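So the structure is just underneath, and the comments pick up after that.
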Amino acid sequence: MGFSIASYLRRLFSDIHIMHRENAVALTVVEMQELENIFALLLLGSFVGFPSPPTFLAVELLPYMEREFKILHRRAEDAGDMLAEMCGILGID
């Protein structure tokens, strides 16, 4: 079984590529969750004191917001420290 520096480097760079891809996907998922949360908060902001959008617009979007309602409810139940979550994903101690 021959040892080749080229095959070792190829495997090393492949592993590094996979690691960076996983980190990028994790950050993208967290960002998507936050954007969904912001979208729901913009439409339902009157519950927390934000100016609400025009009523006709909010009413037209309500049928499409079933998933956002579930997300908003889940996020309210297990609301955590977003900064700590981002630092954990980035690997900052």
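Heads up: the sequence shown begins at 9 in this note's numbering, then just goes up one per residue. Ideal Cβ placement from N, Cα and C applies to all residues, glycine included. Because the structure is a prediction, the values reported are computed rather than measured.
Closest Cα partner of residue i within the set the options
| i | options | result |
| --- | --- | --- |
| alanine 96 | Asn31, Arg18, Ser22, Ile24 | Note that residue 96 is glycine in the sequence shown here, rather than alanine. Measuring from the Cα of glycine 96, the nearest candidate turns out to be Asn31. |
| methionine 73 | Pro62, Leu49, Met27, Met94 | Leu49 |
| alanine 66 | Leu80, Leu51, Lys78, Glu76 | Leu51 |
| phenylalanine 58 | Leu17, Arg19, Ile46 | Ile46 |
| isoleucine 79 | Met40, Ile24, Leu17, Ser12 | Met40 |
Test item: CB-CB of residue i and residue j under 8 Å
| i | j | result |
| --- | --- | --- |
| methionine 94 | valine 38 | yes |
Three-way DSSP call (helix, strand, coil) for residue i in this model
| i | result |
| --- | --- |
| valine 67 | helix |
| serine 60 | coil |
| aspartate 23 | helix |
Beta-carbon separation (whole angstroms), residue i vs residue j, contact threshold 8 Å
| i | j | result |
| --- | --- | --- |
| glutamate 76 | glutamate 44 | 6 Å |
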